[in-house]
Amino acid sequence: MKTRLFAAVSISALLLGVAASAQAFDAPLHAPVGAAQDGPGSIVVPPLGFRERVLPNGLKVYTARDAATSNVTVQVWYKVGAKDDPEGRSGFAHMFEHLMFKATRNLPQETFDRLTEDVGGSNNASTGLDVTNYFETVPAQHLERMLFAEADRMGSLVVDEATFESERDVVKEEFRLRVLSTPYGRFQRLHSQAFIFQDSPYRRPGIGSIADLDAATIDDVLRFHETFYRPDNAYLIVAGNFDQAQLDRWIDQYFGVIENPGRPLPENNVPETFGPAREATFYGPNVPLPMVQITWPTVPYDHADRAALDVLDGILSTGESSRLYQSLVYRQQIATTASSSNSQQQQVGVLNTYAIMSEGKTADEGLASLRAEVARLRDEPVTAAELAEAKTELTAQALRGLETIDGRAFSLGYALIMTGDPATADRDIPNIQAVTVEDVQRVARQYLTDDRAIAMRYLQATDENPASPVQEVFTAPVTLADLAPAGERVTLLPEGQRTPLPEPGTAVDPATPQVAERRLANGLRVLVAPKPGLPLVSARLNFEAGTADDAAGGKAGVAGFTASLLTQGTQSRTAPEIATEIERLGANIGASAGVDFTTVFASSPSNVFPQTMALLADVVRNPAFTAEDLEREQTQTLNGLRVQLSQPGPVAGLAAARAVFGDAPYGVPGSGTPTSIPSIAREDLVAFHGGMYQPARATLVFSGDITPDAAQALAEEAFGDWQAGPATTPVADPAGPAVAPRVIVIDQPGAGQAAVYAAMRGIARTDEDYFPVLVANGLMGGGFSARLSQEIRIKRGLSYGAYSSLSTREDEGLLSASAQTRNDAVPEVADLILAEIARLSATEATAAELAPRKATLIGGFGRSLETVDGLGGLVANLALYGLPLSELATYGDDVNGVTPAQIQAAAAEHLSPADASLVIVGDASVFLEGLRAKYPDLEVVPLSELNIDSAALR
0 MKTRLFAAVS ISALLLGVAA SAQAFDAPLH APVGAAQDGP GSIVVPPLGF RERVLPNGLK
60 VYTARDAATS NVTVQVWYKV GAKDDPEGRS GFAHMFEHLM FKATRNLPQE TFDRLTEDVG
120 GSNNASTGLD VTNYFETVPA QHLERMLFAE ADRMGSLVVD EATFESERDV VKEEFRLRVL
180 STPYGRFQRL HSQAFIFQDS PYRRPGIGSI ADLDAATIDD VLRFHETFYR PDNAYLIVAG
240 NFDQAQLDRW IDQYFGVIEN PGRPLPENNV PETFGPAREA TFYGPNVPLP MVQITWPTVP
300 YDHADRAALD VLDGILSTGE SSRLYQSLVY RQQIATTASS SNSQQQQVGV LNTYAIMSEG
360 KTADEGLASL RAEVARLRDE PVTAAELAEA KTELTAQALR GLETIDGRAF SLGYALIMTG
420 DPATADRDIP NIQAVTVEDV QRVARQYLTD DRAIAMRYLQ ATDENPASPV QEVFTAPVTL
480 ADLAPAGERV TLLPEGQRTP LPEPGTAVDP ATPQVAERRL ANGLRVLVAP KPGLPLVSAR
540 LNFEAGTADD AAGGKAGVAG FTASLLTQGT QSRTAPEIAT EIERLGANIG ASAGVDFTTV
600 FASSPSNVFP QTMALLADVV RNPAFTAEDL EREQTQTLNG LRVQLSQPGP VAGLAAARAV
660 FGDAPYGVPG SGTPTSIPSI AREDLVAFHG GMYQPARATL VFSGDITPDA AQALAEEAFG
720 DWQAGPATTP VADPAGPAVA PRVIVIDQPG AGQAAVYAAM RGIARTDEDY FPVLVANGLM
780 GGGFSARLSQ EIRIKRGLSY GAYSSLSTRE DEGLLSASAQ TRNDAVPEVA DLILAEIARL
840 SATEATAAEL APRKATLIGG FGRSLETVDG LGGLVANLAL YGLPLSELAT YGDDVNGVTP
900 AQIQAAAAEH LSPADASLVI VGDASVFLEG LRAKYPDLEV VPLSELNIDS AALR
């Protein structure tokens, strides 16, 4: 099962513009799917509107104005990806992505974080097989500064030896994190690609190998930049709130002066034969459950059959009514997850089907079932209902992708990279809508045949079957000899000689909606936060019932199971019927239990929101909790927990909660334990639902394209006559008494990386020190440019990321600081984390240091206000903790009002390093001796003996 993000969709009609120069594309409004204007078929995705112009140096520029936002996104998409890594330098495009955030001729190192995070924005980048993109979202007044910075790194990147070595170490830690420390990382990133592709450069892992990273030189880096980072090999996309004429002048000023080299780009178009049908079994360490995959070669992205394959993929695996979920997970119960992906690149395409098997089930069972479901697509036409559901789901997800300016720009950028044609994004939904039952069967018969299938098993290595060797040496169409000469090395100019950054413009204040409040006769509180714009509506029904309340019955996991089983059957609908209805509406409906509260959520296009609300009411009020559904949920949860307990990070998180809260309700794993999950009975769920799901203790929050009167009417219809039975009292003192701090090492022999966690009690959300502690957390670890990241990643290259987290709750919450690192660096990273906790109370932060951290908090809050679900979540959070809804409007002032003295005082009172527990999960044989010298009383728990039922952990 999956939730699909449709990658190339239409941009909102709000962004329509007229031609800036040579060429403009006027996209027609998409016709509704189907005729009825009040049913799911009438979802309309607005077309993409943009201006296009081409600078004399070949840079293609796309701009789209949206006056409804206070932000702007600047994105540069380069037509270079992992397929372009030179031979012997796999992972090079990805490593170069990291280096692009360093210095330029006019900008010192880390300036991009100062220009984005430090003003309340965000920045990031990604490397795909065909593309590397760089993207920032900032308050609109900082647009000119971002254009200056992006142009400067396109034309004058600075790379010195120290930066190169440090960032290469960071990439190695990312390799250990994503490949070595996750159960299926080796298979998904190393084995499968090399086995699927026979000739194409796509067979190399995008993240590379340690050996190839070590072989790279600074001269290679400079030549790579000179070869691929040039105006005619890039697209510049700007969307948001700006003046078009001024924007055009800035683009000409900063990008127009970059010279384009006259030499051609290296040739890179290797035909892929894929070879005959074949199978392979790979073995690896730390494989908790078998994984299987079958891949079929299909078509490149710019092919007419992509739409039919997208719909076929949706029928196979989108939602719980999909064929793979229903067959492997729901009916046969042989897999804990089963899904597919329709993956197209510029030169090739594949359709992947895969499953992670349930405990005791074999890989061959999984392969047989995957083959059987694909055979059904070839042998029998899909039903008209399945076709309509898949189309509606794809269309609704495309609509959701239009909510943010960066999402719209991403859609355009991806279409440009894959086809070079900006109109491709506008054609996607009409092409999806035109797919027929016959088209689905045709592409299944043409591409998904047994003689084209590439099947793989991934199993736990044993003495008899040791870990499979990884292919690391590949030929490639691009060689080092093909790269351009490095040219004159660029250096950072002396401060007095640098071109100064442009000054910010006039700020555009974000709009804060007025929240309407009413209450039903049964006590249900109804809040409505209208957000005009896209036709999307969200509802969140929140109950004062969390995983901490499991303590009343003594069975961990009851709250979570109650929530997850709501959509698995009601008195009038089965789980498949509910799933089918959700997908027919293009809706999202689900539930989850947090520590203090349970949230049941629903969102859909506004034209079908009344039907969505009716379904939400049914799952909330009339859950069946059948024995069969419970048993299936228990099996799936145990399988998921088995995977979770094989990874250093999740294990450390579970152990940290136990270390801080002991056997108190907040210390008990909310998802349940291997012991508690099998003991949960239907009676436990019925009792929890009846006693804790009370309308008088619930809040219903609407947000989006809805008026207060319409929302009140829907609430009254759905829940007005709901009369609950006797209420259960929520658990008292969920944090329990303070416990002594501990140092715990959980030994996972052979772990590819270690997780280092420092954790302590935090504060309640209603504590008067909430904002000082919130800013203190931001200062320590709330972003890439915060203290932990600076000390651990940027200065020393010891981790891919180091962060802290503040989890405020009804009672005392949890503050944690963490990083994953190579095993031998554990003592150093632990010292650095604890030192940063101590620093909060030891010295006052400077006003200059605090300003960017405050801006980061305020900017993130503002971006949440711009989405329907984000707005609803902010309103609900205030309501659940009994806080005034006026905090929506005063949040910025509350954050900005925090002083350095308040932070230091709050840290001294609440965040003493003496109260911190230290939890480390990794290969103890590498670091235990050094750690024990400092902490002679540390506890060592073998992972194989870990017992999360007890605070003792064994």
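Residue numbering for the sequence shown follows numbering that gives the first Met the number 0, starting at 0 and increasing by one per position.
Note that the Cβ used here is the ideal one computed from N, Cα and C, for glycine as well.
Residue i vs residue j beta-carbon contact at 9 Å
{"i": "Asp-508", "j": "Ser-885", "result": "no"}
{"i": "Thr-62", "j": "Phe-241", "result": "yes"}
{"i": "Thr-314", "j": "Leu-415", "result": "Here the sequence assigns Ile to residue 314, which means Thr is not the residue at that position. No, Cβ-Cβ distance for Ile-314 and Leu-415 is not below 9 Å."}
{"i": "Trp-295", "j": "Tyr-446", "result": "yes"}
{"i": "Val-920", "j": "Gln-747", "result": "yes"}
{"i": "Phe-281", "j": "Ile-217", "result": "no"}
{"i": "Val-477", "j": "Phe-542", "result": "no"}
{"i": "Ala-801", "j": "Ala-775", "result": "no"}
{"i": "Val-347", "j": "Pro-299", "result": "yes"}
{"i": "Ser-563", "j": "Asn-587", "result": "no"}
{"i": "Gln-140", "j": "Asp-405", "result": "no"}
{"i": "Met-779", "j": "Leu-773", "result": "no"}
{"i": "Asp-948", "j": "Pro-740", "result": "no"}
{"i": "Leu-189", "j": "Gln-470", "result": "yes"}
{"i": "Arg-760", "j": "Val-659", "result": "yes"}
{"i": "Asp-301", "j": "Ala-854", "result": "no"}
Sequence-distant residues of the same chain with beta carbon closer than 8 Å to residue i, five excluded per side
{"i": "Gln-36", "result": "Low local confidence applies: a pLDDT of 37 at Gln-36 is under 50, so the model's placement there is unreliable, with the coordinate-based value given in what follows. Excluding sequence neighbours, Gln-36 sits near Asn-606."}
{"i": "Phe-596", "result": "Asn-541, Phe-542, Glu-543, Ala-544, Gly-545, Leu-879"}
{"i": "Asn-56", "result": "Pro-230, Asp-231, Phe-254, Gly-255, Ile-257, Glu-258, Asn-259"}
{"i": "Arg-953", "result": "Val-940, Glu-944, Leu-945, Asn-946"}
Secondary structure of residue i, DSSP reduced to three states
{"i": "Lys-933", "result": "helix"}
{"i": "Ile-919", "result": "strand"}
{"i": "Arg-792", "result": "helix"}
{"i": "Gln-432", "result": "helix"}
{"i": "Gly-212", "result": "Contrary to the premise, residue 212 reads as Leu rather than Gly in this sequence. Of the three classes helix, strand and coil, the one that applies to Leu-212 here is helix, per DSSP."}
{"i": "Thr-418", "result": "helix"}
{"i": "Glu-135", "result": "strand"}
{"i": "Pro-465", "result": "coil"}
{"i": "Leu-945", "result": "coil"}
{"i": "Thr-1025", "result": "Residue 1025 lies beyond the range of the chain shown here (0 to 953); nothing can be said about it."}
{"i": "Leu-235", "result": "strand"}
{"i": "Pro-622", "result": "strand"}
{"i": "Met-759", "result": "strand"}
Same chain, Cβ closer than 6 Å to residue i, neighbours up to 5 away in sequence not counted
{"i": "Ala-824", "result": "Leu-797"}
{"i": "Ala-888", "result": "Thr-511"}
Nearest candidate by alpha-carbon position, reference residue i, set the options
{"i": "Leu-870", "options": "His-909, Ala-950, Gly-703", "result": "Gly-703"}
{"i": "Arg-113", "options": "Ala-66, Ala-279, Val-137", "result": "Val-137"}
{"i": "Thr-266", "options": "Asp-481, Glu-278, Leu-142, Gln-722", "result": "The sequence as given places Glu at residue 266; Thr does not occur at that position. Checked all of Asp-481, Glu-278, Leu-142, Gln-722; the closest Cα to Glu-266 is Asp-481."}
{"i": "Arg-202", "options": "Ala-210, Ser-208, Gln-192", "result": "Gln-192"}
{"i": "Phe-147", "options": "Val-158, Gln-243, Arg-248, Gln-711", "result": "Arg-248"}
{"i": "Gly-891", "options": "Pro-429, Thr-511, Ile-577, Val-828", "result": "Thr-511"}
{"i": "Glu-149", "options": "Leu-500, Gln-344, Ser-368", "result": "Leu-500"}
{"i": "Phe-701", "options": "Lys-530, Thr-435, Tyr-324, Ala-680", "result": "Lys-530"}
{"i": "Leu-954", "options": "Ser-340, Gln-344, Ser-357, Met-356", "result": "With the chain running from 0 to 953 in the structure shown, residue 954 is simply not present."}
{"i": "Val-985", "options": "Val-53, Arg-524, Ile-743", "result": "Residue 985 is absent from the structure shown; the chain starts at 0 and stops at 953."}
{"i": "Gln-243", "options": "Leu-142, Ala-475, Gln-635", "result": "Leu-142"}
{"i": "Pro-85", "options": "Asp-117, Ala-214, Pro-55", "result": "Ala-214"}
{"i": "Leu-264", "options": "Ser-670, Phe-223, Asp-628", "result": "Phe-223"}
{"i": "Gln-432", "options": "Ala-408, Arg-444, Thr-391, Phe-409", "result": "Thr-391"}
{"i": "Thr-226", "options": "Gly-184, Ile-209, Tyr-77", "result": "Tyr-77"}
{"i": "Ala-276", "options": "Ile-453, Asp-304, Asp-420, Tyr-234", "result": "Ile-453"}
Sequence-distant residues of the same chain with beta carbon closer than 7 Å to residue i, five excluded per side
{"i": "Trp-721", "result": "Asn-521, Arg-620, Pro-694"}
{"i": "Asn-105", "result": "Asp-151, Leu-492, Arg-497, Thr-498"}
{"i": "Gly-639", "result": "Thr-335"}
{"i": "Phe-770", "result": "Asp-893, Val-894, Val-897"}
Beta carbon proximity, residue i to chain C, threshold 9 Å
{"i": "Tyr-802", "result": "Absent here is chain C; the protein component of the structure consists of one chain."}
Distance between beta carbons of residue j and residue i, contact taken as under 8 Å
{"i": "Glu-388", "j": "Ser-320", "result": "7 Å"}
{"i": "Ile-857", "j": "Glu-811", "result": "At roughly 26 Å, the Cβ-Cβ gap does not stay under 8 Å, so Ile-857 and Glu-811 are not in contact."}
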